[in-house]
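Under this note's numbering, the first residue of the sequence shown carries the number 1, and numbering increases by one thereafter.
Encoded as structure tokens, the structure appears first; notes follow it.
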Amino acid sequence: MRAVVITTPGGPEVMRLIEVPDPAPGPEEILVRVAHTAVNRADIVQRQGHYPDPVRRDHDIPGLEYAGTVAAVGERVTRWSVGDLVMGIETGACYAELVVTHERQALRIPDGLDLADAAAVPEVFITAWDALVVQGGLTSGRWALVHAGASGVGTAAIQIAKAIGARIAVTCSRPKMDACRQAVRPGGSIVQVGVMGGATTSVRVGVLLVKRVRWIGTTLRSRPIEDKIALSQRFTREILPRFDSGELRPVIDTRFPIADVAAAHRHIESNTTIGKVLLDL
Numbered sequence: 001m002r003a004v005v006i007t008t009p010g011g012p013e014v015m016r017l018i019e020v021p022d023p024a025p026g027p028e029e030i031l032v033r034v035a036h037t038a039v040n041r042a043d044i045v046q047r048q049g050h051y052p053d054p055v056r057r058d059h060d061i062p063g064l065e066y067a068g069t070v071a072a073v074g075e076r077v078t079r080w081s082v083g084d085l086v087m088g089i090e091t092g093a094c095y096a097e098l099v100v101t102h103e104r105q106a107l108r109i110p111d112g113l114d115l116a117d118a119a120a121v122p123e124v125f126i127t128a129w130d131a132l133v134v135q136g137g138l139t140s141g142r143w144a145l146v147h148a149g150a151s152g153v154g155t156a157a158i159q160i161a162k163a164i165g166a167r168i169a170v171t172c173s174r175p176k177m178d179a180c181r182q183a184v185r186p187g188g189s190i191v192q193v194g195v196m197g198g199a200t201t202s203v204r205v206g207v208l209l210v211k212r213v214r215w216i217g218t219t220l221r222s223r224p225i226e227d228k229i230a231l232s233q234r235f236t237r238e239i240l241p242r243f244d245s246g247e248l249r250p251v252i253d254t255r256f257p258i259a260d261v262a263a264a265h266r267h268i269e270s271n272t273t274i275g276k277v278l279l280d281l
């Protein structure tokens, strides 16, 4: 199969589209022929050498999500058949024509979404929903303050908050973040997703104590497979029906052929995107 390989840490030019051996599914895994994947900030940090894939592989292949067709199934797989359309998240290796995933981590593609739309769903909508609702406890009538509202996760978070009846405020510039932290309501939550805003931060502890604020750190990639399966199954029950009804919809900024992966990374790094950047295989 063809896959994008990071040859050495560095800029977009260090990625190469080359032939690598096809992966094979285990007993409870499915092999997916990828139609589209998406570029996430984590891929850029991985390319730079700061965010390695937690799974050891023969090649350093980025990519955290996919949409495609089931090409083969393991001997104990019961949920999927060859030819089914699926999408999902992985720890890496999705910039490739084939990817292996656990059958219970794969998601059905909602009605009304094609494969390109589907590729823009898993990472950002699962991340946003997990941060806002599962970790942050957001419910109808409460306020959600979403940073980087034009990003992939930001556009997903705004839609999810609106769908559950929460009230939304959005920021799009880093200098105002400290003021926003101070504005958290008593009993509220601050959910920090990843380290895109920097590996260190500071906060006035007195504000957290007086207001009884919870500060939660979360990320998807490093979680155990059992946690990801449970999260994917709950997402299937609680969120996917909102795509079926049209209440939720992915926002796609641009699509690039997989051969133009370097240009796609440069586009993300320009900080001018609104929504997701896809790679077509």
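Every residue, glycine too, gets a C-beta built ideally from N, C-alpha and C.
query: For residue 65, does the three-state DSSP call read helix, strand or coil?; result: strand
query: Go through its chain and collect everything with a Cβ distance to residue 24's Cβ below 6 Å, but skip five positions before and after it.; result: none
query: Beta-carbon within less than 6 Å of residue 284's beta-carbon, same chain only, minus the 5 sequence neighbours each way: which residues are those?; result: Absent from the structure is residue 284, since the part of the chain shown begins at 1 and ends at 281.
query: In angstroms with no decimal places, state the Cα-to-Cα distance between residue 239 and residue 105.; result: 15 Å
query: With a cut-off of 8 Å, do at least 3 Cβ pairs link the stretch 18-38 to the stretch 94-112?; result: yes
query: Taking only runs of the alpha helix (DSSP H) that begin and end inside the stretch 141-173, which ones reach a length of at least 4 residues, in chain order?; result: 152-163
query: So which of 16, 249, 261 and 266 has the shortest CA-CA distance to residue 153?; result: 249
query: Once the 5 residues before and after residue 46 are set aside, which same chain residues still bring their CB inside 6 Å of it?; result: 62
query: In this structure, how does DSSP classify residue 247 when only helix, strand and coil are distinguished?; result: coil
query: State yes or no: is the C-beta of residue 163 within less than 8 Å of the C-beta of residue 132?; result: no
query: Going by DSSP, what residue range makes up the alpha helix (DSSP H) through residue 117?; result: 115-119
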